[in-house]
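From first to last, the protein sequence lines are chains E and X. Residue numbers for the first sequence follow the numbering used here, so the first one is 1 and each next one is one higher. Residue numbers for the second sequence follow the numbering used here, so the first one is 274 and each next one is one higher. We put the beta carbon where it would ideally sit given N, CA and C, even for glycine.
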Amino acid sequence: MKTRSTFLLSTLCFGFAFLYIPILVLVLYSFNDSPLATVWGGFSFRWYDALLDNKQILNAALLSLKIAVVSATCATALGTLAGLTLNRMGRFRGRTVFTGMIAAPLVMPEVITGLSLLLLFVSLQELTGWPSARGANTITIAHITFSMAYVAVIVQSRLASMDESLEEAAMDLGGHPFAVTRDITLPLIAPAMLSGWLLAFTLSLDDLVIASFTSGAGASTLPMVIFSKVRLGVTPEVNAVATIIIGIVALGVILAAWLMFRQERRRGGGGDS
Amino acid sequence: MTGAIRHGAAGRLWRTTVITLPYAWLLLFFLVPFAIVFKISFADPIVAQPPFTPFFDWAESSPRRLLATFDNYLFLLEDKLYWVSYLRSIRIAFISTLLCLLLGYPMAYGIARARPPWRSLLLMLVILPFWTSFLLRVYAWIVMLGKHGVVNNALLSVGFIDGPLQMLYTDAAVYLGIVYTYIPFMILPLYASLEKLDQNLHDAAMDLGATPWKVFTDITLPLSMPGVIAGSLLVFIPALGEFVIPSLLGGIDSLMIGRTLYDEFFVNRDWPLASAVATVLLFILILPIMLFQRYQQGEES
């Protein structure tokens, strides 16, 4: 018994070291004064200064943020409807196809999704003239498509764990199905929708392959610019970008954990969920 | 749903709207594109916009002439490059999945056996890297493994090696990159099934004199099989088509099918051949994806 828990403990330590050391190294090197990765040239903010002057990276970051906000919002709306369809609408024709279309994007290799969407946009343009050019709009549509599946899964698992009796009671009292969804279901699944939005936002901000396929000339997102830079090797400015992103994520997670902790305490600290 | 029936036309309208909107979106932007990929995989590449021949010859002859061709698929069979890419991808994805399982299983088990407050903290630490950029986490390994990278420097200064090792741009780096980025997908489903495990079963078997190994192979492992299968599929399927990791960490000769497809499309600009490569990849993936869908539906009910 003793040996096994030592084994588990050391695997856990090894696993977490494996997960976190590369990230910590990246953060550390973003403050390295030397442009060579090999030598520590002292502490400095020079790569952050360089970042402020780098129009290419700043514009790409701005474009990525815009796409991420719009696509996460649309994906949350569509994904919530999809979650309701999976869990509150009973049987309907084509349900199997629908569940397949929700599950498949979660694992589909990005090169296939990217290629297929680009070919769709090209064919649509030939047939209807729309989209007249590929760029931010086509990337946004692509991002909505794959991230709405993630939102749908999150929302539907929340709906599955929820008691339907409140909604049924409201319906029995004569509430219109739309009003019941708006006034009862949606407030109850709001936390799941928020997690879904955050996940969709992160996925959009991070996507390289699908954006490369669906973008046109001139529209380069942040991952596309980063990829073209790191293909040539270590780039100190990218270390700085990485550190900023990691910092924002860490802050967000600490904030979320604190909010959850406070909410649990307010509820009286009972329950382990 | 009873509500819709009770409320007649208005209720049905709302129900139809809820179902139709996401359904139509996914049909148009997820399912139809695959049909187009399939169609274009039978075309010939030409220098034009778009760079492929149409399925039918509309203008020339009055009974429409079918222009579809199997050339792309024949080419995939003939050229060794594609065979090598597919087989290497399957091998790399398979071995990476095993490595994820070997590291992920004890980690998930350790987390499931920890005290509750520790459990949520450890789980959060598993999920946290997933929220930071995937691309940047792959890039971190360039900093680690490069010729003058952190690992080489450390080994040199300790005196284990005399000259820098070639670690970056090798297959080993690709395995490392895949395990590093996909391990949360392995740990989470494993944890979910290990957490549900009844500790009494374990204790009873131990009391009856079973060795820890026997308890593991006869009780723990079989009961956690759903998690093993789900985690393995979540790692194997995306790893098979992986593009970023082999392009950044793999050598020039490290062909994986995702990278071959990308190059066929962007470098050679042969859209029909890229479509054929994608179609074959999709056929390889149909079985694992259907397994995954069945698991997802199992979770629903």
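Give every residue of the same chain whose Cβ lies closer than 7 Å to the Cβ of residue i, excluding the five residues on either side of it in the sequence, and list them in chain order.
i: E/ALA192; result: ILE154, VAL155 and ARG158
i: X/PHE458; result: GLY504, LEU507 and VAL508
i: X/LEU474; result: ILE492
i: X/PRO561; result: LEU506, PHE509 and ILE510
i: X/TYR535; result: PHE516
i: X/MET380; result: ILE460
i: X/LYS469; result: none
Taking the Cβ atom as the reference point for each residue, do residue i and residue j lie within a distance shorter than 9 Å?
i: X/ALA551; j: E/ILE112; result: yes
i: E/ALA60; j: E/LEU222; result: yes
i: X/PRO499; j: X/SER527; result: no
i: E/TYR29; j: X/VAL416; result: yes
i: E/LEU119; j: X/ILE309; result: yes
i: E/ILE245; j: X/THR405; result: yes
i: X/MET440; j: X/VAL452; result: no
i: E/MET294; j: E/ILE189; result: Residue 294 of chain E cannot be examined here, being either before or after the span of chain E that is shown, 1 to 273.
i: E/GLY79; j: E/SER132; result: no
i: X/GLY524; j: X/TYR442; result: yes
i: E/GLU237; j: E/LEU51; result: yes
i: E/PRO109; j: X/LEU554; result: yes
i: X/TYR464; j: X/LEU396; result: yes
i: X/TYR346; j: X/THR533; result: no
i: E/ALA250; j: X/LEU350; result: no
i: X/ILE460; j: X/ILE384; result: yes
i: E/VAL209; j: X/PHE516; result: yes
i: X/ILE313; j: X/SER548; result: yes
i: E/ALA217; j: E/VAL151; result: no
Using a Cβ cut-off of 9 Å (strictly closer), state whether residue i contacts chain E.
i: X/PRO561; result: yes
i: X/LEU513; result: yes
i: X/VAL501; result: no
i: X/PHE348; result: no
i: X/ARG388; result: no
i: X/ALA477; result: no
i: X/TYR464; result: no
i: X/PHE433; result: no
i: X/ARG542; result: no
i: X/TRP356; result: no
i: X/GLN566; result: yes
i: X/GLY284; result: yes
i: X/SER527; result: no
i: X/ILE492; result: no
i: X/VAL291; result: yes
Going along the chain, which residues of its own chain have a beta-carbon closer than 6 Å to the beta-carbon of residue i, five neighbours each way excluded?
i: X/PHE403; result: PRO457
i: E/THR235; result: LYS229
i: X/ILE434; result: LEU428
i: X/TYR448; result: SER369
i: X/GLY450; result: VAL411, TRP414, ILE518 and LEU522
Does residue i get closer than 9 Å to chain X when you measure Cβ to Cβ?
i: E/ASP206; result: yes
i: E/ILE57; result: no
i: E/ILE139; result: no
i: E/ASN239; result: yes
i: E/TYR150; result: no
i: E/LEU255; result: no
i: E/SER5; result: yes
i: E/MET193; result: no
i: E/ILE23; result: yes
i: E/MET162; result: no
i: E/ILE112; result: yes
i: E/THR76; result: no
i: E/ALA217; result: no
i: E/SER212; result: yes
Can you find the residues in the same chain that come closer than 8 Å, C-beta to C-beta, to residue i, ignoring five residues on each side of it along the sequence?
i: X/ILE557; result: TYR359, ILE363 and LEU513
i: X/SER334; result: Bear in mind that a pLDDT of 49 at X/SER334, under 50, signals an unreliable position, so the number given afterwards is only what the model happens to contain. Excluding positions up to five away in sequence, the list is empty.
- Is the stretch 190 to 209 of chain E touching the stretch 8 to 22 of chain E, taking contact as three or more C-beta pairs under 8 Å? no
- Item | the stretch 170 to 187 of chain E touching the stretch 113 to 125 of chain E, judged by at least three CB pairs closer than 8 Å | no
- 4-residue-minimum alpha helix (DSSP H) runs that sit fully inside the stretch 84 to 129 of chain E, ordered along the chain: 95 to 107 and 110 to 128
- Query: Counting pairs of beta carbons, one from the stretch 400 to 417 of chain X and one from the stretch 380 to 392 of chain X, are three or more of them closer than 8 Å?
  - Reply: no
- Item | beta strand (DSSP E) runs contained entirely in the stretch 504 to 536 of chain X, provided each spans 3 or more residues | none
- Flag this pair as touching only if the stretch 294 to 303 of chain X and the stretch 101 to 108 of chain E have three or more C-beta atom pairs under 8 Å; answer yes or no. yes
- Does the count of Cβ pairs from the stretch 53 to 67 of chain E and the stretch 282 to 291 of chain X closer than 8 Å reach three? no
- Task: Evaluate the contact criterion for the stretch 130 to 148 of chain E versus the stretch 160 to 180 of chain E: three or more CB pairs, one atom per stretch, below 8 Å.
- Result: no
- Item | Three or more C-beta pairs below 8 Å linking the stretch 539 to 553 of chain X and the stretch 310 to 319 of chain X | yes
- Which full runs of the alpha helix (DSSP H) of 4+ residues lie inside the stretch 369 to 449 of chain X, going along the chain? 389 to 404, 407 to 418 and 423 to 431
- Which runs of the alpha helix (DSSP H) fall wholly inside the stretch 36 to 73 of chain E and span at least 4 residues, in chain order? 46 to 53
- Item | Inside the stretch 196 to 233 of chain E only - alpha helix (DSSP H) runs reaching at least 4 residues | 209 to 214 and 222 to 230
- Item | Complete beta strand (DSSP E) runs within the stretch 146 to 203 of chain E (minimum length 3 residues, chain order) | none
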